[in-house]
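Residue numbers (this note's numbering): 1147 to 1274.
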Ligand SMILES: [Zn+2]
């Protein structure tokens, strides 16, 4: 295994992942909170959210589904971040899980939790 990343690069990617992790976790908590609050109909905490017509109720449901979709996405990303941090720890970070080649640094900077190099990501997307 020949990681192309220098130790100082690894350190900065780890910090990047940890920051992202904290930020997403905060988002998920807040959104879960909001979704739950709407579920329980605790209108008293936010009077501007009280639906006046059936049309508004529909919008509320739509918003909630949208929020739940976002939460699912973010949880998926959180899992990837977690795995990436594991790879930083065991020294396999920056290596493509598919072809074992180093992932380009520019790609890691754009998508620090990616598992694949750009070629494999394209290939896998096409076969999915
Ligand atoms: Zn690859």
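Built from N, CA and C at the ideal position, the CB exists for glycine as well.
Quick one: residues in its chain with C-beta nearer than 7 Å to the C-beta of residue i, no 5 flanking neighbours on either side, listed in chain order?
i	result
residue 1173	1220
residue 1158	none
Would you decide whether residue i is buried or exposed? Buried here means 16 or more other CB atoms lie within 10 Å of its CB.
i	result
residue 1212	exposed
residue 1254	buried
residue 1270	exposed
residue 1256	exposed
residue 1208	exposed
residue 1263	buried
residue 1235	exposed
residue 1161	exposed
residue 1176	exposed
residue 1258	buried
residue 1233	buried
Can you name, in chain order, every residue of its own chain whose Cβ lies under 8 Å from the Cβ of residue i, other than the five neighbours on each side?
i	result
residue 1181	1210, 1213, 1214 and 1217
residue 1224	1167, 1170, 1171 and 1174
residue 1248	1148, 1149, 1150, 1151, 1240, 1241, 1242 and 1263
residue 1250	1263 and 1264
residue 1164	1231
State the beta-bridge partners of residue i as determined by DSSP.
i	result
residue 1248	1241
Once the 5 residues before and after residue i are set aside, which same chain residues still bring their CB inside 6 Å of it?
i	result
residue 1260	none
*Heavy atoms of ligand 1 versus C-beta positions, residues under 7 Å*: Those residues, listed in chain order, are 1242, 1244, 1245, 1247, 1262, 1263, 1265 and 1266.
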